[in-house]
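Written below as structure tokens is the structure these notes are about.
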Amino acid sequence: GAVVSQHPSWVICKSGTSVKIECRSLDFQATTMFWYRQFPKQSLMLMATSNEGSKATYEQGVEKDKFLINHASLTLSTLTVTSAHPEDSSFYICSAAGYEQYFGPGTRLTVT
Amino acid sequence: AQKITQTQPGMFVQEKEAVTLDCTYDTSDPSYGLFWYKQPSSGEMIFLIYQGSYDQQNATEGRYSLNFQKARKSANLVISASQLGDSAMYFCAMREGDDYKLSFGAGTTVTVRA
Chain A
147 GAVVSQHPSW VICKSGTSVK IECRSLDFQA TTMFWYRQFP KQSLMLMATS
197 NEGSKATYEQ GVEKDKFLIN HASLTLSTLT VTSAHPEDSS FYICSAAGYE
247 QYFGPGTRLT VT
Chain B
999 AQKITQTQPG MFVQEKEAVT LDCTYDTSDP SYGLFWYKQP SSGEMIFLIY
1049 QGSYDQQNAT EGRYSLNFQK ARKSANLVIS ASQLGDSAMY FCAMREGDDY
1099 KLSFGAGTTV TVRA
């Protein structure tokens, strides 16, 4: 099956700093990628749809200036959490659209 | 309105027994797809099984089968011969029309007891 990677798998950062998470489709090209956020024991919440070569589409309630998404190539999308705060601590998962959605392994972000 | 409803927050099942996870959905699009994913404690989302709205037969993948009742808008997952490694959170999800976007249910945590 198709493989999607995420980097880093976990990151700890200080409040006020920015952190970038990469999502790569390793063996296929994905014009569309998705970014999700998940709190413990809860479901995945779609944050935004990332389209190669165009602006991301954010879900209602998601701050686009705080969660910057860039889909610069057909195999890479990045999510930058700007001026992170402890409440941004969460598990972030990306997926790439092919025949189905192929999920990355997730990134655990802890903001101290 | 919720597009995907999973009413069982948690379930316990004895090893080697079967377990059914409930999922109901709501859509007006005649073309849709239903997915089940497993999420162990590591966090990775593992695709289990898929059912298309036009599929005539219920989907099966090894020990996983999907009980698709279109008129009732339900797509229950049956795991047969449960194993300890089946302990995880399970999510039902739906894709509508040509949209790749998935709507997820709240999830069901399954704990398999030895």
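Which chain is which? The protein sequence lines are A and B, in order. Just remember that the numbering used here sits 146 ahead of the position in the first sequence, which is counted from 1. Just remember that the numbering used here sits 998 ahead of the position in the second sequence, which is counted from 1. Virtual Cβ for every residue (Gly too), placed ideally from N, Cα, C. These figures come from a predicted structure and were not determined experimentally.
Any chain A beta carbon closer than 7 Å to residue i
{"i": "Leu1100(B)", "result": "yes"}
Neighbour flag for residue i against chain B, beta carbons, 7 Å
{"i": "Phe213(A)", "result": "no"}
{"i": "Gly252(A)", "result": "yes"}
{"i": "Thr224(A)", "result": "no"}
{"i": "Ala148(A)", "result": "no"}
{"i": "Ala243(A)", "result": "yes"}
{"i": "Thr256(A)", "result": "no"}
Chain A contact residues for residue i, given Cβ-Cβ distances below 7 Å
{"i": "Ala1104(B)", "result": "Ser189"}
Span of the beta strand (DSSP E), counted from its first residue to its last, around residue i
{"i": "Ala1086(B)", "result": "Ala1086 to Glu1094"}
{"i": "Arg170(A)", "result": "Val165 to Ser171"}
{"i": "Gly1031(B)", "result": "Tyr1030 to Gln1037"}
{"i": "Asn1074(B)", "result": "Ser1072 to Ile1077"}
{"i": "Leu1064(B)", "result": "Tyr1062 to Gln1067"}
{"i": "Arg1025(B)", "result": "It should be noted that the sequence gives Thr, not Arg, for residue 1025(B). First-last for Thr1025(B): undefined, no H or E at that position."}
{"i": "Ser1101(B)", "result": "Leu1100 to Phe1102"}
{"i": "Gln175(A)", "result": "That residue, Gln175(A), is in no beta strand (DSSP E); it is neither H nor E in DSSP."}
{"i": "Gly1008(B)", "result": "Gly1008 to Gln1012"}
{"i": "Gly1050(B)", "result": "Ile1044 to Gly1050"}
{"i": "Ser1040(B)", "result": "Here Ser1040(B) belongs to no beta strand (DSSP E), and DSSP marks it neither H nor E."}
{"i": "Cys159(A)", "result": "Trp156 to Cys159"}
{"i": "Thr1106(B)", "result": "Thr1106 to Arg1111"}
Within chain A, the residues that residue i reaches when beta carbons sit closer than 9 Å
{"i": "Glu1042(B)", "result": "Ile239, Phe249, Gly250, Pro251 and Gly252"}
{"i": "Phe1089(B)", "result": "Ser189 and Leu190"}
{"i": "Phe1033(B)", "result": "Glu246 and Gln247"}
Buried/exposed call for residue i, threshold 16 Cβ in 10 Å
{"i": "Thr1106(B)", "result": "buried"}
{"i": "Tyr1030(B)", "result": "buried"}
{"i": "Gly1103(B)", "result": "buried"}
{"i": "His217(A)", "result": "buried"}
{"i": "Leu172(A)", "result": "exposed"}
{"i": "Ile158(A)", "result": "exposed"}
{"i": "Ile1047(B)", "result": "buried"}
{"i": "Asp1096(B)", "result": "exposed"}
{"i": "Asp234(A)", "result": "buried"}
{"i": "Thr221(A)", "result": "buried"}
Chain-ordered neighbours of residue i on chain B, where CB pairs are closer than 9 Å
{"i": "Leu192(A)", "result": "Lys1099, Leu1100, Ser1101 and Phe1102"}
{"i": "Thr195(A)", "result": "Tyr1098 and Lys1099"}
Chain-ordered chain A contacts of residue i [CB-CB under 8 Å]
{"i": "Tyr1048(B)", "result": "Glu246"}
Chain-ordered neighbours of residue i on chain B, where CB pairs are closer than 8 Å
{"i": "Thr178(A)", "result": "Tyr1098"}
Chain D residues whose Cβ lies nearer than 9 Å to that of residue i
{"i": "Phe1045(B)", "result": "Note that chain D does not occur in the displayed structure, where the protein chains are A and B."}
Could you name each continuous beta strand (DSSP E) segment of 3 residues or more that falls completely within the segment 194-257 of chain A, going from the start of the chain to the end? 213-219, 222-227, 236-243, 247-249 and 253-257
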